[in-house]
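Data first, discussion second: the structure below is written as structure tokens.
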Amino acid sequence: MRAEYDKVADSVYFRLKGEKVAESVEISEGVIIDYDKRGEVSGIEVLSFSKRNLDLNRLVKLGDVELIAEVATA
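Counting in this note's numbering, the sequence shown runs from 1059 upward without gaps.
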């Protein structure tokens, strides 16, 4: 799994697979699940990440996660 944090957008994307996204569903405010063509979860995006009181460093330590921090999209 790979986690990409975008400092400008204040969002984090957890890429579970390299598959192309076929469908995205917002399951709760600011949490979007991406599905591949087989209906399997390929990624999870969390918007307004810094306001959610989640520690990305702690999440990374919980599993096999490659962290890519402060990706600028401006």
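Glycine included, C-beta positions come from ideal geometry on N, C-alpha and C.
Relative to E1081, the option among I1102, D1113, D1064 and E1062 whose CA is nearest is I1102.
Excluding residues up to 5 positions away in sequence, A1061, E1062, Y1063, D1064, E1103, V1104, F1107 and L1114 lie with their Cβ nearer than 8 Å to the Cβ of V1070 in the same chain.
Between the alpha carbons of K1109 and L1074 lies a gap of roughly 23 Å. Cβ-Cβ distances below 6 Å link I1085 to I1091 in the same chain, with the five nearest sequence neighbours on each side left out; the list follows chain order.
Leaving aside the five residues that flank K1095 on each side, the residues in its chain whose CB is nearer than 8 Å to its CB run, in chain order, E1077, K1078 and A1080.
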